[in-house]
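>
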Amino acid sequence: MGRIIAIANQKGGVGKTTTAINLSACLAEAGQRVLMVDFDPQGNGTSGLGLEKGSIENTVYELLLEECTLDECITESIQEHLDVLPSDENLAGAEIELLEFENKEEILKKYLNQVKNNYDYIIIDCPPSLNILTINALTASDTVLVPIQCEYYALEGLSQVMKTIHLVKKKLNPSLEMEGVVFTMYDARTNLSLEVVESVKSTLHQNIYKTIIPRNVRLAEAPSHGMSINLYDSRSTGAESYRLLAAEVMSRGEG
């Protein structure tokens, strides 16, 4: 049965979508069957894996509103072993439309439970805000992976995420666990990056991944080519870092 991991942080620009795309791709490269769920109305996870947002007939938006089936919505084999549940800006409207639904926090969970056995991992890219979409994602997930940018306000964003996770665990998903924190956009040339890592380690009683994702030009370029980093530049430090992260995620699942 697949592990469902939400990639979440209410703060934007922390490498959340980059992590969702490249962790998914590197898990698939390692032979795992992966479904990447783009649950962000910006749809960057969709375009970052080479799909054209405007031309997709059925997205996760249509799925939530019961206008298509899950099979009609999944784009298969975008890479070997990697399927995608795509998104576009229409998803932004789902928040209001879902208010009328019964059990509106559990709609995504209902669908993912149908395919959980078909995958080793389901990775959900959450929107950078606390709304009904994020709550749906956390309700559907087994664990939450939080990317943190190595910058001064990182801890502030993290405490908000922890509160949200605690709330969802208490009210909607008692088995939700913290997968861990991964540091992103690490710049070895600045003392600040190192200070942020040290301060989070000393204040956070959570799993912290050993792998730290560096600032990397190739990593930043890859989405504009619609490719994950392991395909765009397999030998870059970005690709190597996400392979290491994928290996850590897999080893935690075995523990």
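So the sequence shown is numbered by my numbering: it starts at 3 and just counts up by one.
Cβ coordinates follow ideal geometry from the N, Cα and C atoms, glycine included.
#1: Checking 7 Å against the spacing of the C-beta atoms, do Glu97 and Asn133 come in under that value?
#2: In or out: Pro176 buried (at least 16 other Cβ within 10 Å) or exposed?
#3: What whole-angstrom Cβ distance do Cys128 and Thr141 have, given they're in contact under 8 Å?
#4: Reducing DSSP to helix, strand and coil, say where Ser177 ends up.
#5: Can you tell which of His83, Arg35, Ser226 has its C-alpha closest to the C-alpha of Asn119?
#6: Can you tell me which of Lys18, Asp85, Phe41, Ser26 puts its alpha carbon nearest to the alpha carbon of Leu246?
#7: Are the C-beta of Lys172 and some C-beta of chain B separated by less than 7 Å?
#8: For a quick check, are the C-beta atoms of Cys152 and Val202 less than 7 Å apart?
#9: Locate the beta strand (DSSP E) running through Glu99, then write down its first and last residues.
#10: Find out if the Cβ-Cβ distance for the pair Asn92, Tyr63 is shorter than 7 Å.
#11: Please confirm if the segment 211-231 is in contact with the segment 181-191, defined as three or more CB-CB distances below 8 Å between the two stretches.
#12: Buried or exposed for Gln162, please, with buried defined as at least 16 other CB atoms from any protein chain shown within 10 angstroms of its CB.
#13: Answer with buried or exposed for Gly240, where buried requires no fewer than 16 other C-beta atoms within 10 angstroms of its C-beta.
#14: Opposite Val184 in the DSSP bridges: which residues?
#15: Enumerate in chain order the residues of its own chain whose CB-to-CB distance from Gly56 is below 8 Å, with the five nearest sequence positions on each side excluded.
#16: Would you list the one or two residues that DSSP bridges to Ile215?
#17: Report the option in Asn115, Pro216, Ile6 whose CA atom is closest to the CA atom of Arg191.
#18: Reducing DSSP to helix, strand and coil, say where Thr77 ends up.
#19: Out of curiosity, what's the CA-to-CA distance linking Leu196 and Glu59?
#20: Determine the burial state of Thr205: buried for a count of at least 16 other Cβ atoms within 10 Å of its Cβ, exposed for fewer.
#21: Looking at the structure shown, is Met38 part of a helix, part of a strand, or coil, going by DSSP?
#22: Assuming Met38 and Val86 are in contact, meaning their beta carbons sit under 8 Å apart, how far apart are those beta carbons, in whole angstroms?
#23: Does DSSP put Arg245 in a helix, a strand or coil?
#24: Specify the secondary structure class of Val163 as computed by DSSP and reduced to three states.
Taking the geometry as given:
#1: yes
#2: exposed
#3: Rounded, the Cβ-Cβ distance is 12 Å, inconsistent with contact.
#4: coil
#5: Arg35
#6: Ser26
#7: The question asks about chain B, but that chain is absent: this structure has only one protein chain.
#8: no
#9: First-last for Glu99: 96-99, but that is the alpha helix (DSSP H), not the beta strand (DSSP E).
#10: yes
#11: yes
#12: exposed
#13: buried
#14: Pro149
#15: Asp90
#16: The partner list for Ile215 (beta bridge, DSSP) is empty, contrary to what the question assumes.
#17: Pro216
#18: strand
#19: 45 Å
#20: exposed
#21: strand
#22: 5 Å
#23: helix
#24: helix
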